[in-house]
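So the sequences go chain by chain: W and L.
Numbering-wise, numbering that gives the first Met the number 0 puts 6 at position 7 of the first sequence, and it's gapless, one number per residue.
Numbering-wise, numbering that gives the first Met the number 0 puts 20 at position 21 of the second sequence, and it's gapless, one number per residue.
There are 2 protein chains.
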Amino acid sequence: MRLANLATIVRGLHLLGPTTRSDLVRRTGLTRSAVGDLVAELTDRGLVHEVPSEPTGAPGRPSPVVTPRAETNVVLGVEIMVDTVAVAAVGLGGTLLRSVRRPREHGPADVDRTLDDVAGLTSDVLDSLTTPSALFGVGVAVPGLIRRDGATVATAPNLGWADLHLVAALRPRLASDAPISVLNEADAGALAESRRGAAARRGNVLYLSGEVGVGGGIITGGHQLTGSTGFAGEVGHLPIRPDGDECRCGGRGCFETEIGEAKLLERAGLDPAAGAGAITDLLERSAAGDADAVRALEEHGRWLGFGLSGLINVLDPGVVVLGGLLRTLHPHLERPMLDTLDRHVLADIRAGTTIAPSALGDDAPLLGAAELAWDRTLADPTALPTPLPRSA
Amino acid sequence: MRLANLATIVRGLHLLGPTTRSDLVRRTGLTRSAVGDLVAELTDRGLVHEVPSEPTGAPGRPSPVVTPRAETNVVLGVEIMVDTVAVAAVGLGGTLLRSVRRPREHGPADVDRTLDDVAGLTSDVLDSLTTPSALFGVGVAVPGLIRRDGATVATAPNLGWADLHLVAALRPRLASDAPISVLNEADAGALAESRRGAAARRGNVLYLSGEVGVGGGIITGGHQLTGSTGFAGEVGHLPIRPDGDECRCGGRGCFETEIGEAKLLERAGLDPAAGAGAITDLLERSAAGDADAVRALEEHGRWLGFGLSGLINVLDPGVVVLGGLLRTLHPHLERPMLDTLDRHVLADIRAGTTIAPSALGDDAPLLGAAELAWDRTLADPTALPTPLPRSA
Numbered sequence: 000m001r002l003a004n005l006a007t008i009v010r011g012l013h014l015l016g017p018t019t020r021s022d023l024v025r026r027t028g029l030t031r032s033a034v035g036d037l038v039a040e041l042t043d044r045g046l047v048h049e050v051p052s053e054p055t056g057a058p059g060r061p062s063p064v065v066t067p068r069a070e071t072n073v074v075l076g077v078e079i080m081v082d083t084v085a086v087a088a089v090g091l092g093g094t095l096l097r098s099v100r101r102p103r104e105h106g107p108a109d110v111d112r113t114l115d116d117v118a119g120l121t122s123d124v125l126d127s128l129t130t131p132s133a134l135f136g137v138g139v140a141v142p143g144l145i146r147r148d149g150a151t152v153a154t155a156p157n158l159g160w161a162d163l164h165l166v167a168a169l170r171p172r173l174a175s176d177a178p179i180s181v182l183n184e185a186d187a188g189a190l191a192e193s194r195r196g197a198a199a200r201r202g203n204v205l206y207l208s209g210e211v212g213v214g215g216g217i218i219t220g221g222h223q224l225t226g227s228t229g230f231a232g233e234v235g236h237l238p239i240r241p242d243g244d245e246c247r248c249g250g251r252g253c254f255e256t257e258i259g260e261a262k263l264l265e266r267a268g269l270d271p272a273a274g275a276g277a278i279t280d281l282l283e284r285s286a287a288g289d290a291d292a293v294r295a296l297e298e299h300g301r302w303l304g305f306g307l308s309g310l311i312n313v314l315d316p317g318v319v320v321l322g323g324l325l326r327t328l329h330p331h332l333e334r335p336m337l338d339t340l341d342r343h344v345l346a347d348i349r350a351g352t353t354i355a356p357s358a359l360g361d362d363a364p365l366l367g368a369a370e371l372a373w374d375r376t377l378a379d380p381t382a383l384p385t386p387l388p389r390s391a
Numbered sequence: 000m001r002l003a004n005l006a007t008i009v010r011g012l013h014l015l016g017p018t019t020r021s022d023l024v025r026r027t028g029l030t031r032s033a034v035g036d037l038v039a040e041l042t043d044r045g046l047v048h049e050v051p052s053e054p055t056g057a058p059g060r061p062s063p064v065v066t067p068r069a070e071t072n073v074v075l076g077v078e079i080m081v082d083t084v085a086v087a088a089v090g091l092g093g094t095l096l097r098s099v100r101r102p103r104e105h106g107p108a109d110v111d112r113t114l115d116d117v118a119g120l121t122s123d124v125l126d127s128l129t130t131p132s133a134l135f136g137v138g139v140a141v142p143g144l145i146r147r148d149g150a151t152v153a154t155a156p157n158l159g160w161a162d163l164h165l166v167a168a169l170r171p172r173l174a175s176d177a178p179i180s181v182l183n184e185a186d187a188g189a190l191a192e193s194r195r196g197a198a199a200r201r202g203n204v205l206y207l208s209g210e211v212g213v214g215g216g217i218i219t220g221g222h223q224l225t226g227s228t229g230f231a232g233e234v235g236h237l238p239i240r241p242d243g244d245e246c247r248c249g250g251r252g253c254f255e256t257e258i259g260e261a262k263l264l265e266r267a268g269l270d271p272a273a274g275a276g277a278i279t280d281l282l283e284r285s286a287a288g289d290a291d292a293v294r295a296l297e298e299h300g301r302w303l304g305f306g307l308s309g310l311i312n313v314l315d316p317g318v319v320v321l322g323g324l325l326r327t328l329h330p331h332l333e334r335p336m337l338d339t340l341d342r343h344v345l346a347d348i349r350a351g352t353t354i355a356p357s358a359l360g361d362d363a364p365l366l367g368a369a370e371l372a373w374d375r376t377l378a379d380p381t382a383l384p385t386p387l388p389r390s391a
């Protein structure tokens, strides 16, 4: 009971920010003295401190503001993508203390080299923290199918990884006993956007991230949709075009083959393998009125809408967040996408659905990995952190 | 605490059937005397009785078998479909005591006439029960979008209904204060199959029912997927064929337009409006080797597999249950459907997925409506029933 009350308070502070004692009383339904007692324990544990509230001019003694101590209580978020590797230190309350991102080579990834890079970035990030801190956990986002153990990558085709126990491979490099959890990159994006982004405090969310591949993170009724084997959310492999291109999954006409980066370039008559730089050129040409570029974006938007329509009719997500490349493209694809949704989504569902670009941008999966790392503490604020590993 | 323990025991008896006291002790982790005490209360309330167990030849006194009293504790399930209306009385423990189904005319349904039919069938069913009984609730399955209130039909296109407060319309006709809940027909099918059918005790299920329209009921992590507005699961309107036929939803190339009854008849060169009788003829012609019939079923199976592939990649349901017409067609569509799944479903997800025909058959939604009606009692076995309404 006491543990549950501690957890309610910490979770509220982490998600909603600094809160006066009076508001904690209102929010929790606990008595003033019970809240005082719980806040005292959290203060003793170093998780929060109380700061005087701004004078409001109202009579009576101002209620102190209970504030998460971000600088001394941290988790690490790690994101391993096709193009980049990133590491962030995030304080309790969601404060981003420090993050670094480093480009890496395309193509099948050497596991050891990648994880050495992660370890190097982690040292850089931790060494740059100015206050002695405690580490509560590490979350790692990977563009692949993650097993239910939250530790093993079953397959990550764009990284060339399969059946990799990522936690076992990463632990010795981090020189820390902190819990390490692995999650799918789009699931991480969905988690971050639903906690602090474009879908904040929404219980039903579809996060769609497009880059080389297209991933989906689905939250229904406040919970991540994991499915029977943990691999749910593979929206990139929703077949939508029977006569479409072959997909790297072995199928044909998948959502991913229609709305991935390569297809957009192909639609504009460009080299499909030309990469992100060519997309920037394409958008500039479109802005300048180039007919091929305009037509390519129009067609791309219709295909985005076509696949999204089915996902909305099935999931009724309330809010769809477009991340990664789809966030960049959003203003250019919005009109044809919405026209297509209006035609294909059932009216009663359409009326309750909004489509928004990611609010957290390219860091959404990185921040989501950090959020996952916080989950143990949010469930049990008495779980002890580990000392921060320091290089040298 | 006591309420939660009562609920655990009643839920177990309802879902798993008669159980010895010894097994209740094992299953609940409660002491023998606590179980005895709880069973005594349930006996006093008339929900269960104890019957001597069969002699096993083992030494010691046989443990009595705690058995739900199905005949005296009932709910009503109601199913309103395009072709038929059905009512069932189901006892605690899931025993089907009595059911009747009556054909009704195709096309837009006069609400008053339909509900009068339901009331008539309900009287027939209740009057035929031989033991004085108590009514715990009524569940109503409707092929349409049901609002989150569990009472209002937002739209049921094949019935021609929109914005109908079905509970308010039905209550005076039932002459009972019993709680009435409304749910989507495919959600009802999913509920029944996941409790007592082809997906028994599975936490992730996709139930797909095909008739005139195609409906979906989705269970993820043990919970019905309801979505943001309560309308999730509209798998019939997953667009899968950009150049396909227009759908009654206003879209084009929906899953429903590709795998509905009309399309199968059209594929075989028959009148798409010829109905269920023509399907029977088609299956007979296929069995006799008629090339058009064989080819039509082959093509239909591939489209079923194509749409299902996307749903499986997104939902990772573990088990897919085919109900309604799709159950009848299952043996004829299975091979081309599975071939298509093998090509389009990600290997790691495919390995964990089985496709099964409905075990409860045409009554799955009717039994699911009854299961919904039991839910209040399963959560709170002290909730009082209402007297059984009797005609004259």
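Where is the CB? At the ideal position from N, CA and C, for every residue including glycine.
Worksheet item: If you compare alpha carbons, which of D116(W), W302(W) and V166(W) is closest to L340(W)?
Response: W302(W)
Worksheet item: From the beta carbon of A275(W), is the nearest beta carbon of chain L less than 8 angstroms away?
Response: no
Item to complete: Evaluate the contact criterion for the stretch 202-214 of chain W versus the stretch 377-385 of chain W: three or more CB pairs, one atom per stretch, below 8 angstroms.
Response: no
Worksheet item: Could you give the distance in angstroms between the alpha-carbon of E184(W) and the alpha-carbon of G216(W)?
Response: 8 angstroms
Item to complete: Could you tell me which chain L residues have their CB closer than 8 angstroms to the CB of E233(W), listed as they occur along the chain?
Response: N312, V313, D315, L345 and I348
Worksheet item: Residues of chain L with a CB under 9 angstroms from the CB of H164(W): which are they?
Response: Near H164(W) there are no residues of chain L at all, since even the closest Cβ is about 16 angstroms away, more than 9 angstroms.
Worksheet item: CB-CB under 7 angstroms to A391(W), same chain, minus the five flanking residues each way: which ones, in chain order?
Response: Confidence in A391(W) is poor, its pLDDT being 43 and thus under 50, which makes the residue's placement unreliable; the coordinate value appears in the next sentence. Taken in chain order, the list of residues that qualify is empty.
Worksheet item: Under 8 angstroms between C-beta atoms, does A391(L) make it to chain W?
Response: Because A391(L) sits at a pLDDT of 43, beneath the cut-off of 50, its placement in the model cannot be relied upon, and the following sentence gives the value as read from the coordinates. For A391(L), the answer is no, since every Cβ of chain W falls outside 8 angstroms of its Cβ.
Fill in: Cross-chain neighbours of T225(W) in chain L, by beta carbon under 9 angstroms
N203, T219, G220 and D315
Discussion item. Any C-beta of chain W within less than 8 angstroms: which residues of the stretch 126-154 of chain L qualify?
Written reply: L144, A153 and T154
Worksheet item: For the beta strand (DSSP E) that contains F135(L), what are its first and last residues?
Response: A133 to V141
Discussion item. Any beta carbon from chain W within less than 8 angstroms of I239(L)'s own beta carbon?
Written reply: yes
Practice prompt. Would you be able to state if there are at least three C-beta pairs under 8 angstroms between the stretch 34-42 of chain L and the stretch 11-23 of chain L?
Written response: yes
Worksheet item: Within 10 angstroms of its Cβ, does V50(W) collect 16 or more other Cβ (buried), or is it exposed?
Response: exposed
Discussion item. What does the alpha-carbon distance come out to for the pair V9(L) and G220(L)?
Written reply: 22 angstroms
Worksheet entry | Selection from W373(W), L237(W), D242(W) and L296(W) that minimises the alpha carbon distance to E265(W) | L296(W)
Worksheet entry | Straight-line gap, T352(W) to H343(W) (C-alpha atoms, nearest Å) | 13 angstroms
Discussion item. Residues of the stretch 289-306 of chain W in Cβ contact with chain L at a cutoff of 7 angstroms, in chain order, please.
Written reply: F305
Discussion item. Need the endpoints of the beta strand (DSSP E) that S227(L) sits in, please.
Written reply: From DSSP, S227(L) is part of no beta strand (DSSP E); its letter is neither H nor E.
Worksheet entry | Buried or exposed by the 16-neighbour rule on C-beta atoms within 10 Å, applied to E233(W) | buried
Worksheet item: Leaving out five residues before and five after H13(W) in sequence, what residues of the same chain have Cβ atoms less than 7 angstroms from its Cβ?
Response: P67, L91, G92, G93, W373 and L377
Worksheet item: Hey, how far is the Cα of A118(L) from the Cα of D242(W)?
Response: 51 angstroms
Worksheet item: Listing by chain order, which chain L residues have their CB less than 8 angstroms from the CB of H342(W)?
Response: It should be pointed out that residue 342(W) corresponds to Arg in this sequence rather than to His. In chain order: G249, G250 and R251.
Worksheet item: Closer than 8 angstroms, CB to CB, is H236(W) near chain L or not?
Response: yes
Discussion item. For the alpha helix (DSSP H) containing V38(L), name the first residue and the last one.
Written reply: R31 to D43
Item to complete: Tell me where the beta strand (DSSP E) around T83(L) begins and ends.
Response: T83 to G90
Worksheet item: For S208(W), which residues from the same chain have a beta carbon less than 6 angstroms from its beta carbon, with the 5 sequence-adjacent residues on both sides left out?
Response: A185, G188, G214, G322 and G323
Practice prompt. Please check if any C-beta of chain W sits within less than 8 angstroms of the C-beta of I354(L).
Written response: no
Practice prompt. Quick one: using the 10 Å Cβ neighbour count with 16 as the cut-off for buried, is H222(W) buried or exposed?
Written response: exposed
Fill in: CB contact flag (D123(L), V99(L), <8 angstroms)
yes
Worksheet entry | Cutoff 8 angstroms: T256(W) Cβ touching any chain L Cβ | no
Worksheet item: T18(L) CB to nearest chain W CB: under 8 angstroms?
Response: no
Item to complete: From the DSSP output, in three-state form, read off D162(W) for me.
Response: strand
Worksheet item: According to DSSP, which residues form a beta bridge with E78(L)?
Response: A85(L) and A140(L)
Practice prompt. Check whether the Cβ atoms of A369(W) and V139(W) lie closer than 8 angstroms to each other.
Written response: no
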